[in-house]
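Chains as they are written, first to last, in the UniProt record's numbering: chain A, 1 to 191; chain B, 1 to 602.
Even glycine gets a Cβ: it sits at the ideal position worked out from N, Cα and C.
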């Protein structure tokens, strides 16, 4: 028994050094050497200041910006320190109410838009940090953004297209539009 | 379902099946009795490890000693993870200055990670220091996976050996699994993940100045950090505005790689694989899904190779697929159909070239319906439990599938190692039932199945079922259990049933609305996780010990062949019948009731 305990303890320590110290160190070293920007959060800088990450969605509520997926993080939306979904069940009345309020908020800043709202624009994302919306959700907002900024909708559509990614390798996932990158482009086009 | 939903599922299955043979035959070399090109490669490291630990690699263990070594090693792991969480505030690599984790939560997490469950009552980015994540949790990701595979290899030796008392050396099986299988694959996968944008660093959290300011209501807290309430009992809030966004950092990729590969599932961040820093692109998602099934599927082939009849391994794999594929299509179809409760509103949920449509609550845009639904089925068929969409927000039938996949005993791929030894228990039950029908002594892989084997197999099959049913009953009858429920009606019951099913089958995913970081839930679920893991593994080792000592019975005209489609159907039926008979009443009160109400507009 004494021998077994010694084997157990020593092997545990050896494996801890191997998998808990050497392995993450090797992974960090290689990652930093090979993919420096991505390993450090895909940060976006403007005038030497970090203004966000291309992978982490930000909250937009002004009509002149494209809005992203609703976020259920607490206490504020798109809180990077506390990722989470709403965890509302499909038959929870609170979910229906939340969706109604989001539809109303979109209609309020764009009363002339008669189209149905694409579902991803009024349902909370899984992480609360989704950086992207569907191309349908972007198209829904093009007229509003163009009107607010006094630019030709065709110009805005061009920017949407430039920030749209198709399915990866033509098959995987879904087509999507990066909201932060799109809004930064908009600010450059028509500040 | 849209055409792309179909294509993505088919592409995934095709790539997985192509990898089964190479991965499976590689693992067979790792556990081969004689030295070969694989084991010679790391022989020097192995020798050093064995010398300092005083392990004599040729010294094999009987089932009792093997089980004792396994149990001791896992208990030591639990103690280490517990202590690390309780003292992390005094240790380095804690740039966010997280405090010690509470005793009940630390205990729950220790059992959770050692038992390969990775149930999480805490949020990673707001609780655990980098040191705790890497040296505590990540190490258990490796060692719990290696434990599962080691036990499986011993069980397989029980079938393949004849007239001996020993099953192998636990320390050698554990070391080889870690060195030759888990470490190299994890390193490759972690770099693939970083190439897609998963973070891997030890930097403090970044503070970004966002493009637009956000205003919101913040709960007011008193000096002790407790929320202040007004005379009516409502929390007092103040209106604030911020232009700051915290961007969490850390050594995520290295931990996420083994989290998927070892079917652990514990997220580095709270939102797990829905978090863009943990799963940033559809390709990273594909890698993560592949990593979950890679070893469990490959081990089927390894099993066939080790018992000297590869058809046996393919038959087990076919059984898993026969159950997995239809359930996956069911899940994706339910999610693509959308949420009836929202149908009356002015929203567009139809699939088109511009959007995936469907039930997008709790899902990420880049994954849509197909990549989220497929992930949900994979992560619960295997006992992984990572999530890339919030299962609590799945449609009633979409949520039923993951719940039932867990309740089937985590044998449809299941945990690395544990899934296959669980399935072998079902196989023993299946040949026993077939034997009853024709009145012959049942045999499996040339070994007579007798009373002792049947007792152990029944124990392994029924123990998780009993844990789920009994502990769900305890939770719904206890105020402390019901207090955590977030959603009203039948869905609230589903949250409890899901949590107990997840813990009692070592899965670890959750209907996340349930507030589980309370002493009641932490203790109840820790008990479920412990008893689902260790007594079951010991029962299988006991069976293997008795099998290894038996003579080989030559195949005769009366032997039921166990590599045929007939056996696949028989085995799948046993798994389904046990799962359906045990859980249909409970499922009727949860997801089925919710579906009926939802479909009739209530």
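Rounded distance between the beta-carbons of residue j and residue i, thought under 8 Å
i	j	result
residue 72(A)	residue 84(A)	6 Å
residue 425(B)	residue 161(B)	Between residue 161(B) and residue 425(B) the Cβ distance is about 19 Å, and since that is not below 8 Å, they are no contact.
residue 180(A)	residue 44(A)	7 Å
residue 148(B)	residue 118(B)	Contact doesn't hold; Cβ gap of about 13 Å is too wide.
residue 87(A)	residue 392(B)	4 Å
residue 126(A)	residue 4(B)	About 20 Å; that fails the 8 Å criterion.
residue 70(A)	residue 396(B)	Contact flag wrong, Cβ pair sits at about 22 Å.
residue 301(B)	residue 311(B)	With a Cβ gap of about 11 Å, residue 301(B) and residue 311(B) do not count as contacting.
residue 544(B)	residue 504(B)	Not confirmed; about 23 Å, so no contact.
residue 176(A)	residue 114(A)	With a Cβ gap of about 25 Å, residue 176(A) and residue 114(A) do not count as contacting.
residue 401(B)	residue 331(B)	4 Å
residue 472(B)	residue 516(B)	That pair is no contact at about 14 Å.
residue 460(B)	residue 539(B)	5 Å
Cα-Cα separation, residue i to residue j
i	j	result
residue 293(B)	residue 32(A)	28 Å
residue 195(B)	residue 166(A)	18 Å
residue 422(B)	residue 398(B)	25 Å
residue 188(B)	residue 143(B)	18 Å
residue 394(B)	residue 411(B)	23 Å
residue 593(B)	residue 274(B)	28 Å
residue 324(B)	residue 455(B)	28 Å
residue 64(A)	residue 47(A)	22 Å
residue 378(B)	residue 22(B)	21 Å
residue 357(B)	residue 342(B)	12 Å
residue 201(B)	residue 42(B)	28 Å
residue 442(B)	residue 568(B)	16 Å
residue 127(B)	residue 166(B)	44 Å
residue 556(B)	residue 299(B)	28 Å
residue 10(A)	residue 174(B)	13 Å
Contacts of residue i in chain B (Cβ-Cβ under 7 Å)
i	result
residue 92(A)	487, 488 and 491
residue 35(A)	194 and 195
residue 192(A)	There is no way to answer for residue 192(A), as the model of chain A reaches only from 1 to 191.
Partners in chain A for residue i, counting only beta-carbon separations shorter than 8 Å
i	result
residue 682(B)	In the structure displayed, chain B extends from 1 to 602; residue 682(B) sits before or after that span and is not available.
residue 285(B)	172 and 173
residue 139(B)	15, 16, 19 and 20
residue 7(B)	171
Short Cβ contact (7 Å threshold) for residue i with residue j
i	j	result
residue 106(A)	residue 99(A)	no
residue 136(A)	residue 514(B)	no
residue 255(B)	residue 269(B)	no
residue 123(A)	residue 360(B)	yes
residue 579(B)	residue 385(B)	no
residue 160(A)	residue 145(A)	no
residue 146(B)	residue 178(B)	yes
residue 307(B)	residue 159(B)	yes
residue 611(B)	residue 406(B)	Here chain B comprises residues numbered 1 to 602, so residue 611(B) is not present and cannot be evaluated.
residue 526(B)	residue 36(B)	no
residue 14(A)	residue 81(B)	no
residue 336(B)	residue 369(B)	yes
residue 56(A)	residue 536(B)	no
residue 6(A)	residue 54(B)	yes
Contact set between residue i and chain A, taken where Cβ atoms lie within less than 7 Å
i	result
residue 366(B)	132, 173, 174 and 176
residue 275(B)	83, 127 and 129
residue 390(B)	85, 87 and 126
residue 597(B)	91
Secondary structure of residue i, DSSP reduced to three states
i	result
residue 47(B)	helix
residue 178(A)	strand
residue 36(A)	helix
residue 205(B)	coil
residue 215(B)	strand
residue 221(B)	strand
residue 287(B)	helix
residue 581(B)	helix
residue 255(B)	helix
residue 61(B)	strand
Neighbouring residues, chain A, relative to residue i (Cβ below 9 Å)
i	result
residue 171(B)	7, 8 and 11
Where residue i meets chain B, residues with beta-carbon distance less than 9 Å
i	result
residue 38(A)	194, 195, 196, 197, 198, 199, 200 and 280
residue 69(A)	360, 364 and 365
residue 41(A)	197, 199, 201, 203, 206, 247, 248, 249 and 277
Under 8 Å by beta carbon: chain B residues contacting residue i
i	result
residue 112(A)	Here the premise fails: no neighbours, minimum Cβ distance about 14 Å.
residue 77(A)	214 and 216
Closer than 7 Å to chain C by CB, residue i
i	result
residue 47(A)	Although the question refers to chain C, the structure presented lacks it and instead comprises the protein chains A and B.
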